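Reading through the structure tokens given below for one structure.
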Amino acid sequence: MKKVLIVLSLIVIVGAAGWFLWRYFSGNNNTSTTSTEVAKTVRKNKPFVWGVTTRAFALVPNFQPKVFSEQIYKAKKLNLDYVRVTWEPGGVLNGKEDPLAVNNAIINEILDTDMRPYIMINQKGDMTRSADPYTDGYNLAYSIAKEEVGRVDYYQLENEITSWSLKGAEFSGDKIDHYNLAKAEKICQWLKGASAGVKAGDPAAKTVISGQWTQYAFLQIMAEKQVMYDIIGWDWFSDMGQMKDNKLADGTNILDRLNSFNKPVMLVEVGQRPDKDGTEFKMNEDKQAQFIGDMAEWAYNSGSIKGFFAFELTDLPNHAKGGYTDRYGLIQADDGPNGVGQMVANRKAYSVFQTIIAKYSK
0 MKKVLIVLSL
10 IVIVGAAGWF
20 LWRYFSGNNN
30 TSTTSTEVAK
40 TVRKNKPFVW
50 GVTTRAFALV
60 PNFQPKVFSE
70 QIYKAKKLNL
80 DYVRVTWEPG
90 GVLNGKEDPL
100 AVNNAIINEI
110 LDTDMRPYIM
120 INQKGDMTRS
130 ADPYTDGYNL
140 AYSIAKEEVG
150 RVDYYQLENE
160 ITSWSLKGAE
170 FSGDKIDHYN
180 LAKAEKICQW
190 LKGASAGVKA
200 GDPAAKTVIS
210 GQWTQYAFLQ
220 IMAEKQVMYD
230 IIGWDWFSDM
240 GQMKDNKLAD
250 GTNILDRLNS
260 FNKPVMLVEV
270 GQRPDKDGTE
280 FKMNEDKQAQ
290 FIGDMAEWAY
300 NSGSIKGFFA
310 FELTDLPNHA
320 KGGYTDRYGL
330 IQADDGPNGV
340 GQMVANRKAY
350 SVFQTIIAKY
360 SK
């Protein structure tokens, strides 16, 4: 009997030792873990973040991983924290229509470079005509966030939504009576649903409301309707002048108004408007470099802005589709063979932006 007890004790001791050794080596050996898997649990936690907008279909009519990988490589060379992309409602991968696989490929490509994705969620159709915009927003946002738990830090709920219920383009959006309140109500219901859907799918992810120019009164409407969100994302372009110089009718600055909502503020689209040349658009490189450089310096040193995203990484060649080329890019891109656009050269703004990020990342 004593021998049996000794044998059993040895088995227990050896088993326990083996278990602890397994735990030790599995916890200290990450050779089998991909960078995407590691990044899944590591959110950025910085007082100020740098990013750029790009598009999975910027250079191609259909998603091509190799082409997108080249775009992300150029983004990584800027030493960015985030890449801002749209959650694509459609897309073909490996010969079949598979939007989820396309979006996962986009997100994986970003994560594999130690950057993080900032995702824009867009609703199909006109939410102001929906019978139940709350449910529409919830279902869409939840379906995305639950698939990408831990992989996405920011979800932007539509783009420049502060414009959508304006009574007309002539209204500046700094007063509530500039808005169609019936439409605003529907939009707020959608935002409530989308925000709740994100939090149900991934409670740690942050929601961003995107606006532009002086349209802060829509944020007042949202506050009255008790729309929950985490961050104000604001767009600012060169035709609006320098944001620091903007004066509202009461003499205050737009940033002062945004700060009054007690939410973190990020500039999520900052870009130079291209010049029109006949039927074509051309980018004035000197103006672009100056505007983006000045805005980035001011934003970082403002004391209240928490992020800056340049608009955008590359031009959008559209000649193959019978259109014109959008010339907002930090990188010049033109039509190439077989309808595939090609990145041609970095513009001056690319190196200016790169230098500023390096300056404030030391």
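Using numbering that gives the first Met the number 0, read the sequence shown as starting at 0 and increasing by one per residue.
We treat Cβ as the ideally placed atom computed from N, Cα and C, and that holds for glycine.
Quick caveat: nothing in here was measured; it's all calculated off a predicted structure.
Measure the alpha-carbon distance for ASN138 versus MET114 and round it to whole angstroms.
28 angstroms
Beta strand (DSSP E) segments (min. 3 residues) lying fully within the stretch 202–249:
205–211, 230–236
Terminal residues of the continuous alpha helix (DSSP H) containing ASN103?
98–110
Mind checking which residues open and close the alpha helix (DSSP H) that includes GLY147?
For the sequence presented, residue 147 should be read as Glu rather than Gly. Careful: GLU147 lies outside any alpha helix (DSSP H) and carries neither H nor E.
Taking the beta strand (DSSP E) that LEU315 belongs to, which residues open and close that run?
Segment: none, LEU315 is in no beta strand (DSSP E) and carries neither H nor E.
Spatial neighbours of LYS358 in its chain, beta-carbon cut-off 8 angstroms, leaving aside the 5 residues before and after
none
Counting C-beta neighbours from all protein chains within 10 Å, is the total for ARG54 16 or more, i.e. buried, or is it exposed?
buried
Out of ILE175, ILE253, ALA144, ASP201, which has the shortest C-alpha to C-alpha gap to TRP212?
ILE253
Exposed or buried, THR313, counting other C-beta atoms within 10 Å across all chains shown (16 or more means buried)?
buried
Suppose you measure from the CA of GLY302 to the CA of GLY89; what does that come to, to the nearest Å?
40 angstroms
Would you say PRO46 lies against chain D (beta-carbon separation less than 8 angstroms)?
The chain labelled as chain D is not found in the depicted structure, where only one protein chain is given.
Going straight from the alpha carbon of VAL11 to that of LEU99, what length do you get?
Unreliable positioning characterises VAL11 in this predicted model, as indicated by a pLDDT of 45, which lies under 50. The coordinate reading is nonetheless provided below. Approximately 47 angstroms between the Cα atoms of the pair.
For the stretch 56–91, list the alpha helix (DSSP H) runs that are entirely contained and at least 4 residues long, ordered along the chain.
64–75
Would you call the CB atoms of TRP233 and VAL264 closer than 8 angstroms?
yes
Which residues in the same chain as ALA199 place their Cβ atom closer than 6 angstroms to its Cβ, once the five residues preceding and following it in sequence are excluded?
TYR141
Can you give me the C-alpha to C-alpha distance between SER129 and LYS45, rounded to a whole angstrom?
39 angstroms
Excluding the five sequence neighbours on either side, which residues of its own chain have a C-beta within less than 6 angstroms of the C-beta of ALA183, listed in chain order?
SER164, ILE220
Does DSSP put TYR327 in a helix, in a strand, or in coil?
coil
What first and last residue would you give for the alpha helix (DSSP H) that runs through THR354?
347–359
At the level of alpha carbons, what is the spacing between ILE175 and GLY250?
18 angstroms
For LYS95 and ASN103, what's the separation of their Cα atoms in angstroms?
15 angstroms
Rounded separation between ASP131 and MET242 - CA only
37 angstroms
Is the beta carbon of PHE67 sitting closer than 8 angstroms to the one on ILE105?
yes
Which partner residues does ILE118 have in the DSSP bridge list?
VAL84, TYR154
Buried versus exposed, by CB contacts within 10 Å (16 or more), GLY50
buried
Distance between beta carbons of VAL82 and TYR117, contact taken as under 8 angstroms:
7 angstroms
DSSP three-state call for LYS305: helix, strand or coil?
strand
Please report the straight-line C-alpha distance between GLU268 and THR161, rounded to a whole angstrom.
14 angstroms
Distance between GLN122 and LYS205 (C-alpha atoms, nearest Å)
18 angstroms
GLY277 to THR324, Cα distance in whole Å?
13 angstroms
Got a sec? Which residues, its chain only, sit under 8 angstroms from ILE330 by beta carbon, not counting five neighbours each side?
LYS73, LEU312, THR313, ASP314, MET342, VAL343, ALA344, ASN345, ARG346, TYR349
Check whether the Cβ atoms of LEU77 and ILE356 lie closer than 8 angstroms to each other.
yes
Using C-beta distances below 8 angstroms, list every residue in its chain close to ASP285, excluding the 5 sequence neighbours before and after it, in chain order.
LYS347
Give the straight-line distance between the Cα atoms of ALA195 and GLU279, rounded to the nearest whole angstrom.
43 angstroms
Report back the beta-carbon spacing between GLN70 and MET119 to the nearest angstrom; my notes put them in contact at under 8 angstroms.
The Cβ separation is near 16 angstroms, so there is no contact.
Do GLY192 and GLY270 come within 8 angstroms of each other at the CB atom, strictly closer than that value?
no
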